[in-house]
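Step one of this worksheet: look at the structure below.
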Amino acid sequence: MSAVKSLHVSMEMWGSVFCLIMVVCQVLGTTKGDKKRRALVWMELSIALLLVMDSMAWLFRGYPGTVGYYMVRITNFIVFVTSDTILMLYHIYICRCIFGSDSKAAAIIPVRLRIVPIIGIIGVAMVVISQFNGMYYYFDELNFYHRSSLHSLSLIIPLIGMIIDLTILIQYRRRLSRLTYAAMLSYVILPFAATIILIFFYGVSLVNIAITISVIFMFVTSIVEQNIEYAQKEKEMYNLRVEMMLSQIGPHFIYNTLTTIKHLCKKDPQMAAQTVDEFAVYLRGNIDSLMNKKNIPFDKELNHVRNYLAIEKKRFGDRINVIYDIKESGFMIPALTLQPIAENAIKHGITKKEGGGTIVIASEKTDSGWKVTVSDDGVGFDTGTPKNDGRMHVGVDNVRNRLNSMCGGTLDIKSRKDIGTTVIINIPDKPMPVEKAEIWNELVK
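Quick note: the sequence shown uses the working numbering, first residue 33, plus one each step.
And the structure:
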């Protein structure tokens with residue numbers, strides 16, 4: 033094997049290895065719903081196949097016997113077909129990066145962009161036809177590869193598709209980041225330049241080398257974008273936790289608690305000191321919940337609610353009665369799950385009822401896990417009509433979403449006007465699906 037041939041084969045084999053490594057990285061770092069990166073994965077797989085087949089075609093070029101006869105023909109056929117297939121995959125990647133999956137955006141896709149898949153199909157069809165008439169290439173009796181008179185057509189056909197994609201990239205460049213635009217542009221410019229060279233010079237698969245360099249550039253760009261997206265999601269989740277914490281430590285509650293402590297300082301200093309301790313523990317619990325990335329023991333969440341209810345009872349006195357019926361506590365639950373429910377029971381149920389009422393917090397083991405019940409005999413509401421309090425609705429939805437996301441739990445509300453409200457939380461004893469848990473932990477870590 034000549035030095036040039038050895039260098040060519042080794043470069044392509046290493047290129048295929050790099051493409052497979054990129055595929056593994058993309059698969060491990062991409063969620064299933066990301067169609068854009070999934071298209072890039074198929075591109076990388078196709079390029080890996082192209083490089084392997086092209087290197088095999090070089091190895092078996094001139095190889096004697098039946099093995100050489102079939103291998104040199106099969107590998108070259110796959111190389112030509114894969115080249116046109118990669119053009120179509122790149123086209124799909126461009127469409128998903130620029131236009132996404134929005135049906136409204138699809139309506140503005142230029143007509144010329146719809147031509148590229150047709151060009152790719154024509155290219156594949158021409159390769160198949162060339163197997164019978166030898167218009168692209170042929171093999172001599174020693175199994176050596178030779179170009180035919182129409183070989184340049186195999187380069188011109190995908191070249192037309194690349195030019196169309198280039199015009200689309202330039203037209204819609206503002207929809208892409210500068211890094212993504214440069215990476216996609218390189219995939220058009222580098223192979224284009226290599227194709228022009230190959231029309232006049234033959235000896236090394238410059239197009240394949242150019243494609244490999246460009247796809248590495250696109251891979252790096254995709255990873256950078258993915259990290260930016262994760263950082264943005266982490267920031268959004270952090271802001272959500274801050275808003276959640278602040279929503280539970282409302283300014284009215286703080287003001288009312290401090291006012292209660294002020295009055296107790298004159299009437300009952302010892303109880304005032306106790307209330308300060310309870311308020312401090314309550315605030316600490318809310319702040320700690322901001323840092324919690326996983327579920328916490330039920331006892332810890334229950335203790336947080338006890339402090340909250342103790343403060344409220346000092347404010348409203350005998351108008352609030354609290355009953356605890358805790359039969360099971362050896363399980364985990366998302367932080368700030370019970371407190372918003374208890375707050376709704378006090379604020380929207382019991383305190384609105386003349387003479388007040390009773391809130392009951394109970395827990396028990398079930399066949400499928402654990403059940404936590406928060407019930408009150410307040411004014412209740414009609415479940416058939418929308419809630420007229422925005423914060424109450426948002427708070428309940430927040431708890432329901434976190435239960436579902438963090439432990440696969442559910443939240444159900446039963447209420448009757450002038451009778452009371454019951455909130456039932458079910459925590460399954462089976463762990464949530466690994467994929468769902470990983471996504472949530474990735475968002476909140």
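C-beta: ideal position from N, C-alpha, C; glycine also.
Is the distance from the Cβ of K359 to the Cβ of E396 below 8 Å? yes
Which residues bound the alpha helix (DSSP H) around V73? K67 to L91
Using only CA atoms, which one of I378, G412, T398 and D350 lies nearest to G387? Ranking I378, G412, T398 and D350 by Cα distance to G387 puts D350 first.
By the 10 Å Cβ neighbour count, where 16 or more other Cβ atoms means buried, how is G422 classified, buried or exposed? Unreliable positioning characterises G422 in this predicted model, as indicated by a pLDDT of 47, which lies under 50. The coordinate reading is nonetheless provided below. Exposed: under 16 other Cβ atoms inside 10 Å.
Could you pull out every residue in the same chain whose Cβ sits closer than 7 Å to the Cβ of L222, ignoring the five residues on either side in sequence? Excluding five sequence positions before and after L222, the CB atoms of its chain that fall closer than 7 Å to its own CB belong to A242, I245 and S246, given in chain order.
Which word fits V73, buried or exposed, when buried means at least 16 other C-beta atoms lie within 10 angstroms of its C-beta? buried
Alpha carbon to alpha carbon, how far is A263 from R434? Give it in angstroms, no decimals. 20 Å
Could you check whether the region 88-107 touches the region 119-132, counting it as contact only if at least three pairs of C-beta atoms, one from each stretch, sit closer than 8 Å? no
Mapping DSSP to helix, strand and coil, what is A394? strand
Beta-carbon proximity check, K446 vs G410, cutoff 8 Å: no
Can you check DSSP and say which residues form a bridge with M364? P329
Give the DSSP bridge partners of H13, in chain order. Outside the displayed range of the chain (33 to 477) lies residue 13, so it cannot be described from this structure.
Quick one: grab the DSSP three-state call for L222. L222 sits in a helix when the DSSP states are folded into three classes.
Comparing alpha-carbon positions, which option in I459, I378 and H380 lies nearest G362? I459
What is the DSSP secondary structure of I53, counted as helix, strand or coil? helix
So for D444, helix, strand or coil by DSSP? strand
Under 6 Å Cβ to Cβ from M167, same chain only, skipping five residues before and after it: list those, please. S180 and L182
Can you tell me whether P190 is buried or exposed? The criterion is at least 16 other CB atoms within 10 Å of its CB, across all chains shown. buried
Please go through the same chain and pick out, in chain order, the residues whose beta-carbon is closer than 8 Å to the beta-carbon of I161, but skip the five residues on each side of it. Excluding positions up to five away in sequence, the list reads M167.
Residues of its chain near L81, where Cβ-Cβ distance is below 6 Å and the 5 sequence neighbours each way are ignored: The answer, listed in chain order, is T114.
Residue environment, E44, which counts as buried when at least 16 other CB atoms sit within 10 Å: With a 10 Å radius around the Cβ and a threshold of 16 neighbouring Cβ atoms, E44 comes out buried.
Can you tell me which residues form a DSSP beta bridge with K403? E396 and N458
Chain-order list of residues whose beta-carbon lies under 6 Å from that of C51 (same chain, five-residue window excluded): Once the five neighbours on either side are set aside, the close Cβ partners of C51 are E76, I79 and A80.
State yes or no: is the C-beta of T390 within less than 8 Å of the C-beta of I365? No; because the gap between Cβ atoms is not below 8 Å, this pair is not in contact.
Same chain, Cβ closer than 7 Å to F249, neighbours up to 5 away in sequence not counted: So the qualifying residues of the chain are A215 and S218.
Close beta carbons around S400, own chain, < 7 Å, minus the five adjacent residues each side: P460 and D461
Under the rule that 16 or more other beta-carbon atoms within 10 Å means buried, what is I130, buried or exposed? buried
What three-state label does DSSP hand V143 in the structure shown? In the structure shown, V143 falls within a helical segment according to DSSP collapsed to helix, strand and coil.
Is the CB-CB distance between V404 and I457 below 8 Å? yes
With distance defined between alpha-carbon atoms, name the residue in I192, Y169 and K67 nearest to V111. Y169
First through last residue of the alpha helix (DSSP H) which encompasses D116: G97 to I130
Just mark Y213 as buried or exposed, buried being the case when its beta carbon has 16 or more other beta carbons within 10 Å. buried
Distance between L334 and N420 (C-alpha atoms, nearest Å): Any reading at N420 must be qualified, since the residue scores a pLDDT of 49, below 50, and its modelled position is unreliable; the value itself is stated next. Approximately 28 Å between the Cα atoms of the pair.
Is the CB-CB distance between V406 and A367 below 8 Å? no
Among the candidates K37, K67, D86 and D66, whose CA atom is the shortest distance from the CA of S48? D86
Beta-bridge partners of D357, as assigned by DSSP: Among the bridge pairs identified by DSSP, D357 is matched with A394.
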